Amino acid sequence: MRRAEHIAVRVTATRLPQHDSLGVYERLRAARGEEDVFLFESVDGAEPDRRWAVVGFGRLAEIRVFGGHVEIDGVPGVVGPLLSAAEGAGLRPEVSAPGGPGHRLALPGDGGRVWELLARAQGLFDVATDVPVTSYAFGFLTSFAYESVWHMETLPARTKAPNGPDITLTLFRDTVWYDLTTGEARLLRAESAAFPRRADGAPDEVVAMAREAARERADGRPAAVPEAPAPLSVSDSVSRETFLEWADICLEHIRVGDIYQIQIGHRIDVRTTLTPVDVYRRLRARNPSPYMYLMPRAGSTLIGASPELFFRIEGDEILMRPIAGTARRGADEEENQRRVKEMRESVKEQAEHIMLVDLCRNDIGRVSRPSTQPVDRLMAVESYSHVFHLVSTVSGRLEEGVDTWQAVRATFPAGTMTGAPKVRAMEIIDGLERERRGSYAGAVGLADVRGWSEFALCIRTVEYDGTTYSTQSSAGMVAQSEPEAEWRETLAKMGAAHWALTGEELLP
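Under my numbering, the sequence shown is numbered contiguously, ending at residue 530.
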């Protein structure tokens, strides 16, 4: 067995001018390729969510977790210690086919091995930096597919064809970080003997890109939004009639007390000549959101405009902001106020929201100190570009020694994506929905190796596999639900993504 080696990393910060993060991303993408750069940014939303924008680049290594094995690849100086960490967690090397995906290791049936691997991988790095520990300096771009739950809970055996890894952790070397609360922008550069030698002038090139993007921003010209050509094909994973049958089945489960609430959904697939950057620009213009992303995920691309935080860890505090309750904006302020009033007074919306807040408190309580899970805000109305949402804020003080991955294991998937009780709802979802959810209803975000982390729910998202764009949504059903209204809710939630892909509306 290999002996685990720690990797010493020094992260330095260089001030940059205020800039357009998308402009920096596009320049880096053109120079480096789409697999070597990612974008996260807050474009709109409530103040607690609209905090930063970041462009990461310089892919060093990647860990991909599947149902029965793990793949690891990247630069030798990082891959070697990661393999040691994997073997220390009880994984065993398999023989990889020539030209295969790096190193492949068998994953024992014990679900705990995955979480030990992630903890060991995070603990490999000794980071020296002046960046506060309550912020991001160096770490993993992280994606948890919905099916990650099979590594956490005892569920029926998987029967649906895989559509990518369950968990992906990608280590990026450098980031351009823009703090929206202070207006400060900086380039975070990571140096280590384990990393490849930089090309001469590489940091200066990034600074020049930021300055060029800043000049474009100063010009004040609106960014061009590409036109959408007629799609090559559009298809839905289910018919309206089938969805209504599912809704009736779910309502019967609720009637007999099997569950109290459940999220059932479907997927729309689109083939078009638009590029992922085109789709992102269109989605950004149509549905500016607090958690937007354009990122590689193990051979596919995620394009997202999520409104909802999964959780954030700063120091010993964990925070969740569940959303349940939606009202579309009206034609004028009077209609807006009427729709907000109807949403706030809706028995159905209140019942769904309170159940999900209770789920959040229960999940946070699994990793928090006793009596430290207050509901800081309950059913507050927050305004977004096209809708109003009911949003609550739940927090907790983590037990000593709890890391990001233990917090994920305790809280994933979000109750707003499944229902209550969570495990039984997931069993019903697995029995009804025809295909794996994949990235939908999972979580994406950043995990600093020193402990800070922030993840968004992977909703209002498009995934591109190189030929087809897919987007999904679900509706929350409680005893008061009307199946036809829930069908329309799923279409409303996919409306912005569908428009970004096709130029067409799903609902009038």
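The C-beta atom is built at its ideal place from N, Cα and C for all residues, glycine as well. These figures come from a predicted structure and were not determined experimentally.
- Under the rule that 16 or more other beta-carbon atoms within 10 Å means buried, what is P285, buried or exposed? The residue asked about is misnamed: residue 285 is Gln in this sequence, not Pro. Label assigned to Q285: buried.
- In terms of DSSP beta bridges, what is E336 paired with? E339
- Item | Strand pairing of G441, partner residues [DSSP] | I284
- Following the continuous alpha helix (DSSP H) through Y302, name the residue where it begins and the one where it ends. P298 to R308
- Query: Do the segment 214–233 and the segment 160–179 touch if we need at least three Cβ pairs shorter than 8 Å?
  - Reply: no
- Message: Let me check one thing: in DSSP terms, what residues is G78 bridge-paired to?
- Response: F60 and T197
- Task: Could you pull out every residue in the same chain whose Cβ sits closer than 8 Å to the Cβ of L177, ignoring the five residues on either side in sequence?
- Result: V171, V445, M448, E449 and D452
- Item | M23, DSSP secondary structure in three states | With a pLDDT of 46 at M23, under the threshold of 50, the modelled position of that residue is not reliable, and the figure given next carries that caveat. M23: coil per DSSP, three-state reduction.
- Message: If distances are taken between C-alpha atoms only, which option among A252, E213, E206 and V198 comes closest to E227?
- Response: V198
- Query: Where do the ends of the alpha helix (DSSP H) carrying M365 lie?
  - Reply: E355 to E367
- Task: Mind reading off the beta-carbon distance from F5 to D95? Whole number of angstroms is fine, and I expect it under 8 Å.
- Result: This structure leaves residue 5 out entirely; the chain is present only between 23 and 530.
- Cutoff 6 Å; reference R334; Cβ partners in own chain excluding five residues on either side: L341 and E476
- Message: Could you pull the DSSP bridge partners for H173 from this structure?
- Response: DSSP lists no partner for H173.
- Query: Over what stretch of residues does the beta strand (DSSP E) that includes E476 continue unbroken?
  - Reply: S475 to L479
- Task: With a cut-off of 8 Å on the beta carbons, I'd call T192 and E84 a contact; round off their distance for me.
- Result: 5 Å
- Item | Contacts around G67, its chain only, beta-carbon distance under 7 Å, and the 5 residues preceding and following it disregarded | S311, P312, P329 and Y406
- Does the separation of the CB atoms of V33 and L210 fall below 9 Å? yes
- Query: Whose C-beta lies closer than 8 Å to the C-beta of G186 among residues of the same chain, with five residues either side of it excluded?
  - Reply: A167, R319, A320, G321, S322, G460 and S461
- Message: Which residue marks the beginning of the beta strand (DSSP E) containing Q494, and which one marks its end?
- Response: Y491 to M499
- Message: If I follow the unbroken alpha helix (DSSP H) through S106, where does it start and stop?
- Response: P98 to G110
- Query: In angstroms, rounded to a whole number, what distance separates the CA positions of E506 and A518?
  - Reply: 20 Å
- Element boundaries [alpha helix (DSSP H), containing G45]: S43 to R54
- Which class does D226 belong to by DSSP, given the choice of helix, strand or coil? helix
- Local conformation of G347 per DSSP, three classes: strand
- Query: Where do the ends of the alpha helix (DSSP H) carrying H275 lie?
  - Reply: R262 to R277
- Pull up the DSSP beta-bridge partners for M317, would you. L324
- Message: Tell me the DSSP secondary structure of E213 in three-state form.
- Response: strand
- Task: Report the three-state DSSP secondary structure of V33 (helix, strand or coil).
- Result: strand
- Query: E206 by DSSP, collapsed to three states: which one?
  - Reply: strand
- Within the chosen definition, does the segment 422–431 reach the segment 373–382 through at least 3 CB pairs nearer than 8 Å? no
- Just the Cα atoms here: how many angstroms apart are E93 and R86? 5 Å
- Query: In three-state DSSP terms, what is V397?
  - Reply: strand
- Task: Leaving out five residues on either side along the sequence, give the residues of the same chain with a beta carbon under 6 Å from the beta carbon of M23.
- Result: Reliability of the predicted coordinates at M23 is poor, the pLDDT of 46 falling under 50, and no value is obtained from them.
- Message: Is the separation between the beta-carbon of G437 and that of C382 shorter than 9 Å?
- Response: yes
- Task: Assign A183 to one of three DSSP states: helix, strand, or coil.
- Result: coil
- Query: Can you tell me the Cα-Cα spacing of K370 and D380, whole angstroms?
  - Reply: 16 Å
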